[in-house]
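Here's the structure we're looking at; comments come further down.
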Amino acid sequence: MALVTLIEAVTMALAHEMEKDTDVVVMGEDVGKNGGVFRATEGLQKKFGEERVIDTPLAEAMIAGLSVGMASQGMRPVPEIQFMGFVFPAVNQIMTAVARMRNRTRGRLTMPMTIRMPYGGGIHAPEHHSESTEALFAHIPGLKVVIPSNPSRAYGLLLAAMRDPDPVLFLEPKRIYRAVKHEVEDNGEAYPLETCFVDQEGDDVTLISWGAMMYETLQAAEKLAAEGINAEVIDVATVAPMDMTTIFESVRKTGRVVIVQEAPKAGAVGSEIAAEIAEHELLSLIAPIERVSGWDTVMPYAKLEGQYMPTVERILDGVKKVMAFK
Amino acid sequence: MALVTLIEAVTMALAHEMEKDTDVVVMGEDVGKNGGVFRATEGLQKKFGEERVIDTPLAEAMIAGLSVGMASQGMRPVPEIQFMGFVFPAVNQIMTAVARMRNRTRGRLTMPMTIRMPYGGGIHAPEHHSESTEALFAHIPGLKVVIPSNPSRAYGLLLAAMRDPDPVLFLEPKRIYRAVKHEVEDNGEAYPLETCFVDQEGDDVTLISWGAMMYETLQAAEKLAAEGINAEVIDVATVAPMDMTTIFESVRKTGRVVIVQEAPKAGAVGSEIAAEIAEHELLSLIAPIERVSGWDTVMPYAKLEGQYMPTVERILDGVKKVMAFK
Amino acid sequence: MSTAASFEIPYVQLLNEEAKPANDLPEFARDAEIMKKLYKDMHFLRAMDTKAISMQRIGRMRTYPGALGQEAVSVGAGSCLTKDDVLVPYYRGTGTMIQKGVEPHEILLYWGGDERGSDFKNPNCKEDFPIAVPIATQILHAAGVASAMKLRGQKGRAVLTEIGEGGTSEGEFYEGINVAGAWNLPMVCVINNNHWAISVRPDEQTSCETFAQKGIAAGIEVVQVDGNDVIAVREVVGKALDKARNGGGPTLVEAVTYRLCDHTTADDASRYHDQETHDKAWENEPLKRLKAYMVNAGLATEEDLDALQAMCKGEVDKEVEIYFDYLENKPQKPEAMFDYLYETLPEKTVPQREEVIRRAK
Amino acid sequence: MSTAASFEIPYVQLLNEEAKPANDLPEFARDAEIMKKLYKDMHFLRAMDTKAISMQRIGRMRTYPGALGQEAVSVGAGSCLTKDDVLVPYYRGTGTMIQKGVEPHEILLYWGGDERGSDFKNPNCKEDFPIAVPIATQILHAAGVASAMKLRGQKGRAVLTEIGEGGTSEGEFYEGINVAGAWNLPMVCVINNNHWAISVRPDEQTSCETFAQKGIAAGIEVVQVDGNDVIAVREVVGKALDKARNGGGPTLVEAVTYRLCDHTTADDASRYHDQETHDKAWENEPLKRLKAYMVNAGLATEEDLDALQAMCKGEVDKEVEIYFDYLENKPQKPEAMFDYLYETLPEKTVPQREEVIRRAK
Ligand SMILES: Cc1ncc(C[n+]2csc(CCOP(=O)(O)OP(=O)(O)O)c2C)c(N)n1
Ligand SMILES: Cc1ncc(C[n+]2csc(CCOP(=O)(O)OP(=O)(O)O)c2C)c(N)n1
Ligand SMILES: [Mg+2]
Ligand SMILES: [Mg+2]
């Protein structure tokens, strides 16, 4: 049992799976000698060699496209995109090949790959290093989009992603890479990709979030508890395809929903959750569905980043709003 | 006054604006000599010359990136992407430059450009020629996404797009390129990009759609009228940023909402509409919000396309469902 | 000022425009069986294209891209493949795919709008890629397959991929050949320079004198070949594949030919092409040249060759029958659109699948 | 087999490693004022980088990319620009930007995390591009600006853009130089080959002998230059810009140098670089060479040059003061994040802006 951060859990899962399955290869910009700009692949090249931990040329479409070819041969590539802001050159490959090859070939060629990338704001990084654009990928049929919110989940979900027969985008909330440590046993046990995690049970209000925002959400839940409000807190984790069953159950119990996300509000993952609730659980709702969200703006640079990020205070205000509704 | 199809209206608007404003240039693959694969730019090169109607090399990132440079110089490029399925190589430019240059430079460099592309299914075209991926762009702050649903709107909205100081993605529903003709006067009058169009007033149920699906939606409304159900029909037209005011007004009147879209259901524009209603007009709702939508699958090839596309029948079923709710 | 580096692009033509052979013809060019097969296969491709295009006119085929005048490129290159190689074709690679072993009716199915056309049944094609519609994406897939071969230390295997000259303007083409060079991958990329990208001319794509020289940017071996000379194509691609199979790394081959047909059935080339150039290109088409050579070289009589050509129509018709049989008697179930999306359909999507089944009843 | 095309890549070095000048030095190299300015500006850049990096260590600067050892590239190239030209820089182009007229404190503001750093106040820079973080995207912007110049028939203007050698692996780099060639655009692209792309070596990016040869794929003029020789850089880029301004089309220049610093303040090059190579590269850094040449050629005394160098620190400090003044006394309003998104903020977003204002109170 090791006490590890989220990023160490990522490294641990990578090492575990590489050890177990020689078809797993890690590749990307600076993942080898340098161990990744965040050190997620630290030590892996030394351990597994340059043929399994590959420093690629600087080209994201290439990284994704090569992975398509390798996966078609039965390998299990685990490409890293250095920051989610640099995934866009690879969108063509992700959209037209990664997400569709199984369907295109009626199951003949499959795409077991896990595209890892750090994402989200809050570390005062330069332009393009802080966005949360998971919604763009959550809308693409054929993909799975998974976001861990703590070290244990990073380990268990990354293992699941690497073993999944289908392509997974694995988004790592970089703000909490080193935020807390968990006791994680390197036992190779994967977590399911099919379900949300209920992190706290409650029957007054349902707080739904994922990734780094789980921290603020859990903090808010704690404050609410002090005020006698019992929040049920759900970590969606796999934002596509989403487990609505768990969410619906909670909504039936609480009737009040606050969705917390870092991404801009319009057309985001939170919108889909709200739409599903409005379609299937309207009668369970006691109050309008509140979305506490990043603004519909371009992610600001470091100096204004703090004004963009949803805060505990904003979550509490959201909860107050839905609780005030009678 | 000319009786024109939607695509002829596009050509008319392009010609009108090129005549009026020499900064407008049309560019793209096969837009010149060939007049575009759908003939949207037919005759323009003859009329305005090779310097204003430019056959570009085959590279969509390049088309978008060149437009960024040209727009920064005060030109008003109107690039064409041959099919929306081929816009993905350009996503990096659209995301990181087109949508952000004004913000990045605090207003110093602006991006007045209109990126046109045919989109949507129903013409039995090959793979990648039939998707509706407007949601991906509707989530990007800094962009406008406009979709005309008939010849008059194609003319008026395209003029507005070309005159807009900010970048507009102009998605042309190719299935209805030649579906109907409208009397359209080439008077240079633009339509507003800031509002939905209410195509039919009614107080029993609100049908919300855009693009080619407006046809099925209006047909459904007609059938409903015969059954004594008065549908209010809204053409969203500008799906981002969206005019929610008009939609909210309608919901307050009808209390019942059916959203009709061709795109896959999860995380689509319809989800955002539903989420906004669930946040701001929950108390107006009499019934759950129904989304009649494409399936959460890869767009099938020609033979199964018909099973994918939302039909009048499915819309009617959706309306029945919300009407049954008491 | 000194010289940092210098480069030469070789040009290979083994039968000239008058069908006169070069001195050093490769051995296979004297082998009547091989040459007759090439001749027949090129005619089969032409017959299949003709049939598909005429089916499209009467609504029994969707958009279809012919390869008229370019048969030497795809058949010549494809004829060099073994079952251990992997083919990563582009949409005009019908000839290459058939050479590799893809059933012609599968290609018809694909263009007929049925996904099963990419589920190749020939065991020799199990690892081959389906047609790539998004231009240039396939070059990266090819490099990925080649990477897998290399990482696994597989000897004697190589990847063949192809692209149009217009497609070389896409960044992904360049990224693919560049990584092939950087990693010394067993990959051969053939550019079909048919002088058109729909309506766009080569000089509108690039100011390069040759498309072969694009490979210099990737630091790889490049060669330009007469794409109407099937002997030269087969010789050059064959050697390049052999080199790749033996660890010698990638090659970029530009095959210079001419598109004598419309871009696809959705196109009308008369809107933009120059009739004179077109007519002149006809004089240079590959089958006439090949026939003249074979007859002159005593590899076959004119009658032999005409008989081979004549066989093609019937063979194509058989493929068309299978194609129709699929569409009419064994159509895909509507729910097929859900069944290959993931290995296991997400719970959330199951009701959609059920609705499709219900509505189709 | 004949030859389809052949190419030579020239290499230009005007001061060799021992600071010995070539016979045919350009005129400006004998002009004491010009040379002193280059010397001083290179030192200013070095001083500014040093200051920015030390500010980062104490939390008064965010991630910052220095240009240590590469000063001859950006200063040399940037010194060729006139106010009518447009600069489309990359993130390591601090030197180029300052040459064009961008205020140093604006660059500090940008890296300090304030968008106003890209709202250049110097009228000569109104059309210049901000720093491009997404690698290689800028090459297409440059081609677009050059297209506008060409389409409008503007004479005497050109676009300068720059990229790292690692960035040449991106498809957009290639697409940009290719269209520049196809359209004969007034554009010069300088590759700063500093031998590192963060931790990745040139031979891991490509198997090319030179990065210059990548331009052969675009059919454009290419040249490799000693990037530690500011005279050569200025001469080559200056001629290329002149050619471009006069309708002669684009040029790709590879400047060979070495990154003597970390990639950025977020990097630790000692994790991956080879100390010996690094130490040897120090011997070859551009300022030492330039100083030796200038003293030997009688353009300045050692004392003159040391005095110029000494002035830089104070000048940098002044810029830092302005930078601090912005951050501390004139910070951006929080609602600024809404105010430049569109010309008119969408109605739907107005309440968000109001909420930000309210919460900031
Ligand atoms: C990324 C992308 N952009 C555009 C298209 C539309 N398109 C199909 S074929 C074609 C021209 C291709 O020309 P070329 O590469 O020379 O190949 P050829 O068709 O001549 O064999 C175009 C523009 C596409 N399929 N993919
Ligand atoms: C599209 C994209 N991918 C990745 C990055 C992350 N990144 C920033 S700099 C860099 C290395 C660039 O090396 P090079 O082009 O040689 O320029 P240098 O930094 O050496 O000047 C990388 C990978 C990025 N900024 N943009
Ligand atoms: Mg072609
Ligand atoms: Mg570098």
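In order, the protein sequences belong to chains Z, C, P and E.
So for the first sequence, our numbering puts the first residue at 1; every next one is plus one.
So for the second sequence, our numbering puts the first residue at 1001; every next one is plus one.
So for the third sequence, our numbering puts the first residue at 2001; every next one is plus one.
So for the fourth sequence, our numbering puts the first residue at 3001; every next one is plus one.
Note that the Cβ used here is the ideal one computed from N, Cα and C, for glycine as well.
For clarity, every value in this text was computed on a predicted model and none was experimentally measured.
- A distance below 6 Å between beta-carbons, with the five flanking residues on each side excluded, links K3214 (chain E) to the following residues of its chain, in chain order: T3168.
- Looking at the backbone, the Cα of A1268 (chain C) and that of P2331 (chain P) are separated by about 30 Å.
- Within 9 Å of the CB of G107 (chain Z), the CB atoms of chain P belong to D2119, D2339, Y2340, E2343, in sequence order along the chain.
- Proximity of the beta carbon of G3166 (chain E) to ligand 4 is indicated: a heavy atom of the ligand is located closer than 7 Å.
- Against chain E, the CB of G2181 (chain P) has a partner CB under 8 Å away; the residue lies at that interface.
- By the Cβ rule, the region 1071–1091 of chain C counts as touching the region 1122–1140 of chain C, because three or more pairs are nearer than 8 Å.
- The beta carbon of D1296 (chain C) lies closer than 6 Å to those of P1264, K1265, A1266 in the same chain, with the five residues before and after it left out.
- Chain P has no Cβ within less than 8 Å of the Cβ of Q3138 (chain E).
- The closest heavy atom of ligand 2 lies 7 Å or more from the beta carbon of I277 (chain Z).
- The residue from P:D2085, P:V2073, P:E2103, P:T2082 with its alpha-carbon nearest to that of G2093 (chain P) is P:V2073.
- When DSSP reads this structure, I234 (chain Z) sits in a beta bridge with Z:V198, Z:I208.
- When the Cα atoms are used, G3156 (chain E) and T3096 (chain E) turn out to be separated by approximately 19 Å.
- Sixteen is the threshold: since fewer than 16 other Cβ atoms of the shown chains lie within 10 Å of the Cβ of M1001 (chain C), the residue is exposed.
- Beyond the five residues adjoining it in sequence on each side, A3300 (chain E) comes within less than 7 Å, by CB distance, of A3032, K3036, M3294 in the same chain, given in chain order.
- When DSSP states are grouped into helix, strand and coil, D3242 (chain E) belongs to the helix group.
- For D2049 (chain P), same chain residues with a beta-carbon under 8 Å away, outside a window of 5 residues either side, are Y2064, G2066, A2067, L2068, T2094, C2261 in chain order.
- Of all residues in the region 1121–1147 of chain C, only H1124, A1125, P1126, E1127, H1128 come within less than 7 Å of chain P when Cβ atoms are compared, listed by chain position.
- Cβ-Cβ distances below 7 Å link D1023 (chain C) to G1074, M1075, R1076 in the same chain, with the five nearest sequence neighbours on each side left out; the list follows chain order.
- When DSSP reads this structure, P288 (chain Z) sits in no beta bridge, so it has no partner.
- Counting other Cβ atoms within 10 Å of its Cβ, W2196 (chain P) reaches 16 or more and is therefore classed as buried.
- Partner residues in the beta bridge of P264 (chain Z), as assigned by DSSP, are Z:G294.
- Counting the other Cβ atoms within 10 Å of the Cβ of S2054 (chain P) gives fewer than 16, which makes it exposed.
- Between the alpha carbons of I1208 (chain C) and V1236 (chain C) lies a distance of about 7 Å.
- If only uninterrupted alpha helix (DSSP H) runs of at least 4 residues are considered, those enclosed by the region 2162–2234 of chain P are 2171–2182, 2202–2205.
- Between the C-alpha atoms of E1194 (chain C) and R1163 (chain C) there is a straight-line separation of about 14 Å.
- In terms of CA proximity to E1051 (chain C), C:V1025 leads the group C:G1036, C:I1081, C:V1025.
- Fewer than three pairs of CB atoms, one per stretch, sit closer than 8 Å, so the region 242–261 of chain Z makes no contact with the region 156–173 of chain Z.
- Straight-line measurement puts the Cα of L3014 (chain E) at about 6 Å from the Cα of L3025 (chain E).
- At a cut-off of 8 Å between beta-carbon atoms, T297 (chain Z) makes contact with chain E.
- Inter-segment contact for the region 2132–2146 of chain P and the region 2158–2167 of chain P is present: three or more beta-carbon pairs are separated by less than 8 Å.
- In this model, N2023 (chain P) and K2121 (chain P) are separated by some 42 Å (Cα to Cα).
- Excluding five sequence positions before and after S67 (chain Z), the CB atoms of its chain that fall closer than 6 Å to its own CB belong to P77, P79, M113, given in chain order.
- Here the alpha carbon of A15 (chain Z) sits roughly 10 Å from the alpha carbon of L159 (chain Z).
- Under a criterion of Cβ atoms nearer than 7 Å, the residues of chain C adjacent to R100 (chain Z) are, in order, V1298.
- The DSSP-derived three-state label of R76 (chain Z) is strand.
- For chain P, the residues of the region 3011–3029 of chain E that bring a beta carbon within less than 7 Å of one of its beta carbons are Y3011, V3012, in chain order.
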